[in-house]
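Student: Residue numbering for the sequence shown follows full-length UniProt numbering, beginning at 1 and increasing consecutively.
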Amino acid sequence: EAAVVSAHPEWAAEGLVGEEIQAFSDFLVYVLDSPTLASEWAVAIFDAASGFVDVYKGKNFPEDDEEWSRINTLTLRYEPGHYQPILPAGTDKTRPALKEVFEALNEENVIYVVTDGSA
Numbered sequence: 001e002a003a004v005v006s007a008h009p010e011w012a013a014e015g016l017v018g019e020e021i022q023a024f025s026d027f028l029v030y031v032l033d034s035p036t037l038a039s040e041w042a043v044a045i046f047d048a049a050s051g052f053v054d055v056y057k058g059k060n061f062p063e064d065d066e067e068w069s070r071i072n073t074l075t076l077r078y079e080p081g082h083y084q085p086i087l088p089a090g091t092d093k094t095r096p097a098l099k100e101v102f103e104a105l106n107e108e109n110v111i112y113v114v115t116d117g118s119a
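1. In whole angstroms, what is the alpha-carbon distance linking Val29 and Tyr56?
2. Label Gly81 either buried or exposed according to how many other C-beta atoms from any shown protein chain fall within 10 Å of its C-beta, with 16 as the threshold for buried.
3. Pull up the DSSP beta-bridge partners for Ala44, would you.
4. Compute the Euclidean distance between the alpha carbons of Glu107 and Asp54, then round it to the nearest angstrom.
5. Helix, strand or coil, according to DSSP, for residue 120 in the structure here?
6. To the nearest angstrom, how far is the alpha carbon of Ala52 from that of Pro62?
7. Rounding to the nearest angstrom, what Cα-Cα distance links Leu76 and Pro88 in this structure?
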């Protein structure tokens, strides 16, 4: 929330962000563009209602390092009003690297949008 308010202080004044306002995945772009560790993350949000996937990639995401890409890629399922983590099944499974998420989406012809760079 602090990253959003920093980028858009008028939103706080207009009541568009705050404790009583539902957070939206669109706000991720602000924290992923901030000078924090979160700028090294990628977050893939699978929207159960629309069937689409939104991928938000931080400005410092380690795309060329597969091990760090795997560690820093988060996958979430969105149902209206609720986000849930998507975790690998079994103890021997590892989280997918962002490249693997893209490969699976392309293989299944899932429509997705990638948001990265400056907010």
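We treat Cβ as the ideally placed atom computed from N, Cα and C, and that holds for glycine.
Note that this is a predicted model, so its numbers are computed, not measured.
Tutor: This is what the structure holds:
1. Within the sequence shown, numbered from 1, the residue matching residue 29 stands at position 29. Within the sequence shown, numbered from 1, the residue matching residue 56 stands at position 56. Between Val29 and Tyr56, the C-alpha separation is close to 6 Å.
2. Looking up residue 81 in the sequence shown gives position 81. Exposed, by the Cβ-count rule.
3. Counted from its first residue, the sequence shown places residue 44 at position 44. Looking at the DSSP assignment, Ala44 forms a beta bridge with Val55 and Thr75.
4. Looking up residue 107 in the sequence shown gives position 107. Looking up residue 54 in the sequence shown gives position 54. Approximately 16 Å between the Cα atoms of the pair.
5. Here the chain comprises residues numbered 1 to 119, so residue 120 is not present and cannot be evaluated.
6. By one-based count along the sequence shown, residue 52 stands at place 52. By one-based count along the sequence shown, residue 62 stands at place 62. Reading off the sequence shown, one finds Phe at residue 52, where the question assumed Ala. So the two alpha carbons sit approximately 24 Å from each other.
7. Mapped onto the sequence shown, residue 76 falls at position 76. Mapped onto the sequence shown, residue 88 falls at position 88. Rounded to whole angstroms, Leu76 to Pro88 spans 12 Å at the Cα level.
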